[in-house]
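Contents: one structure, followed by commentary.
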């Protein structure tokens, strides 16, 4: 659906995006992740044609992106804003028409959305008279009113109250079902795990990892299992030879503990169990799957593990990557 | 078959883009015109101007009170005669004579109640060189000068004769000299040709009309270019700009805004003209129909030369003639619009830069200084060249694009400027605003998405080069 190829963007003084390539699919929610100042907003602005890349191309449905494609893109910026003194209906009509809808179409779609959200009484209100949550709904309607093929949401859940968050989440999922390709830029890793199908992680202008969420998570599986048992911790530890390494342990009560054990040298869980069953009484076993939060922190800080998951071997440089030019406020 | 099809597609796209600027213009225009402040200002200003006008007329009419002057002349020096010109069909005072000597008790006498001013004339008037008088109501400067002028002439005639100078000789001496001063370039011109040329005074008066336009343009530039700045800043601080520029090119947004606000300015101006015309017509129908034409003429003189009233015969109704015949409105008014639009586009693009670079209203005050100081300077220059529309300051000012919208109209009004000079000045102005608009587009594109910090002029220049 959307293919970003080798995008490079430099501002005087620093590189905001360094050879970024990503692909999103139709009917898929794509998570664009990265810490503040990584270059997410720069990339989003390039896709929205607000700024242009120095190098690289963007393709939509297999052909190169052109100016008129902005009508196929819906954009919810991180910095939300509406014309404060303008009536809600005028405002929605204005943005809908800027996205290429005819007057009658815009009106029809506006009515549909307002009825759906049960907010038809707001038509003649000015935005400054609305509460923050109300304005957020209007903002969302403006983003999707022209039925974009591609929806780009920058931190869609920040600033929304829980009720609106749920509402927006449901709308996003229903748009996904209709075949919209959705890109979400966020730091909120819980929401990533909940709704994203694929992710790309950008750190310091570079693509650090990307792929299907399940693949990424698999890649981060470290063959580590949590074993809860009854028995002596030191007996358990002694039983593990060079084939296993005890990563972590904690005592639950006097004679029960949980141990995190990593399998080494092609050993299986069965091998591990065979080794420890003689010394302790096992109560529960499960694999430790990294959360997106862990993956994010690991990928960004490069801590704890070797950089096996890195596409390139370079360790990201320190500093010198503030988002000062281009006004990114990520 | 494919070729024409492709053409249609590109054409549609172009129209699509055009209509986006159109949408921006429509939004910017309608939100401003629908504002209460626009409505109030549009209505209030003509009413205020009309009120000021009515007040001026009222006060002028008030001054036109007719005074009855009683001259107490026991020695019959004036022989109960004062020469009054036939041209003065509506003099501010009439003279009456009595040979009675009047004292403090007499002013309250029943038979003298109708007189407003009492003047005593005697031989001591000559020795003291003082004419003494008493008034019930202080006469206007105009009436006072009139009375003194007539009385002085009569007394001097008496004095001359008293000293053995024949009346005829005295009157010849008393006549003023004409100062027939000419430009060295005009030597050799015939009398008729000379009379067609404007004197400095005439030029200055005409230039004054141009100065009115200067002020109008100056005020409009400040108000509407300032609105562009605030509009840009408002979109930036409310963060709405990011959604807008995801649908419209930043340059289209900026141009849409500039054009719309310019149209608001023109709308307001035209509404003022229409409203003022209606109000003035109404005022004329209500009040002025009672007044005779001479009063109106005098009114014109009063407004033109408020300082030197009195000698009415001198200025005649030059103001009226100037206003209705000598000023080439057919040229001035179209030029006013052309220079207003040119100057507005120039300053609006610069103000848009300031709006895009600032992060809050307070930032603009600092950033605007380098723009405001030259503009203020231009304003001062435009005042200082009053009376010398040919000075080098005026000539330079009428070419420099930042001042030409304010200064050129004065020179045009004064009639000291050639056609090609106006064209050249306009071409420079157009070239400059095209350039500043292009540069503003560049700064605007970068500036509007820079949240949370104010850019310095140094940074703005950096963006220009990027």
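Residue numbers (this note's numbering), protein chains in the order written: chain A, 1 to 330; chain B, 331 to 796.
Using N, Cα and C, we set each Cβ at its ideal position, and we do this for glycine too.
Taking a C-beta cut-off of 7 Å against chain B, the contacting residues of the segment 26-54 of chain A are 48, 50, listed in chain order. The contact set of residue 79(A) on chain B, defined by CB atoms closer than 7 Å, consists of 569, 572, 781 in chain order. Burial state of residue 166(A) is exposed, judged by a 10 Å Cβ sphere holding fewer than 16 other Cβ atoms. Three or more beta-carbon pairs drawn from the segment 40-48 of chain A and the segment 2-14 of chain A are found closer than 8 Å, and the two stretches are therefore classed as touching. Listed in chain order, the alpha helix (DSSP H) elements of length 4 or more contained wholly in the segment 660-725 of chain B are 691-697, 699-714. Rounded to whole angstroms, the separation of the alpha carbons of residue 80(A) and residue 128(A) is 14 Å. Looking from the CA of residue 696(B), the closest CA among 707(B), 359(B), 681(B) belongs to 681(B). Taking 9 Å as the cut-off between beta carbons, none of the residues of the segment 671-700 of chain B comes near chain A. Note that the C-beta distance between residue 269(A) and residue 225(A) is below 9 Å.
Interface criterion not met: the Cβ of residue 367(B) is under 9 Å from no Cβ in chain A. At a Cβ-Cβ threshold of 9 Å, residue 543(B) and residue 740(B) count as neighbours. Look at residue 353(B): its C-beta is under 9 Å from a C-beta on chain A. Note on geometry: alpha-carbon atoms of residue 5(A) and residue 253(A) lie some 55 Å from one another. With respect to residue 220(A), residue 119(A) sits apart: the two C-beta atoms are not nearer than 9 Å. Contact between residue 148(A) and residue 74(A) holds, since their C-beta atoms are separated by about 4 Å, short of 8 Å. In this structure, the straight-line span from the alpha carbon of residue 659(B) to that of residue 469(B) is close to 38 Å. Residue contact with chain A for residue 361(B): present (Cβ-Cβ distance below 9 Å to some residue of chain A). About 41 Å separates the Cβ atoms of residue 209(A) and residue 106(A), ruling out a contact at the 8 Å cut-off. Here residue 78(A) has 154, 155 as same chain residues with Cβ atoms under 6 Å from its own Cβ, once five neighbours each way along the sequence are excluded.
Within chain B, the residues whose beta carbon sits less than 7 Å from that of residue 86(A) are 361, listed in sequence order. The three-state reading of DSSP puts residue 260(A) in strand, counting E and B together. By the neighbour-count definition (other C-beta atoms within 10 Å, threshold 16), residue 365(B) is an exposed residue. In this structure, the alpha-carbon of residue 103(A) lies about 8 Å from that of residue 93(A). Residue state for residue 241(A) is assigned as coil, using DSSP reduced to three classes.
Rounded to the nearest angstrom, the Cβ distance from residue 200(A) to residue 17(A) is 12 Å, too far for a contact under 8 Å. Exposed is the label assigned to residue 690(B), since fewer than 16 other Cβ atoms lie within 10 Å of its Cβ. For chain B, the residues of the segment 97-124 of chain A that bring a beta carbon within less than 9 Å of one of its beta carbons are 97, 98, 99, 100, in chain order.
Relative to residue 593(B), the option among 557(B), 572(B), 438(B) whose CA is nearest is 557(B). Contact of residue 75(A) with chain B by beta-carbon distance below 9 Å involves 572, 573, 576, 577.
Taking residue 140(A) as reference, the option from 124(A), 157(A), 178(A) with the minimal CA-CA separation is 157(A).
The CB of residue 350(B) comes closer than 8 Å to the CB of 98 in chain A, given here in chain order. In the DSSP assignment, residue 498(B) falls outside any beta strand (DSSP E) and lies within the alpha helix (DSSP H) extending over 497-504. Taking 9 Å as the threshold, the shortest C-beta distance from residue 255(A) to chain B does not fall below it. Here DSSP, grouped into helix, strand and coil, assigns residue 795(B) to helix. No Cβ of chain B is located within less than 9 Å of the beta carbon of residue 3(A). Residue 109(A) is classed as buried because its beta carbon has at least 16 other beta carbons within 10 Å across all chains shown.
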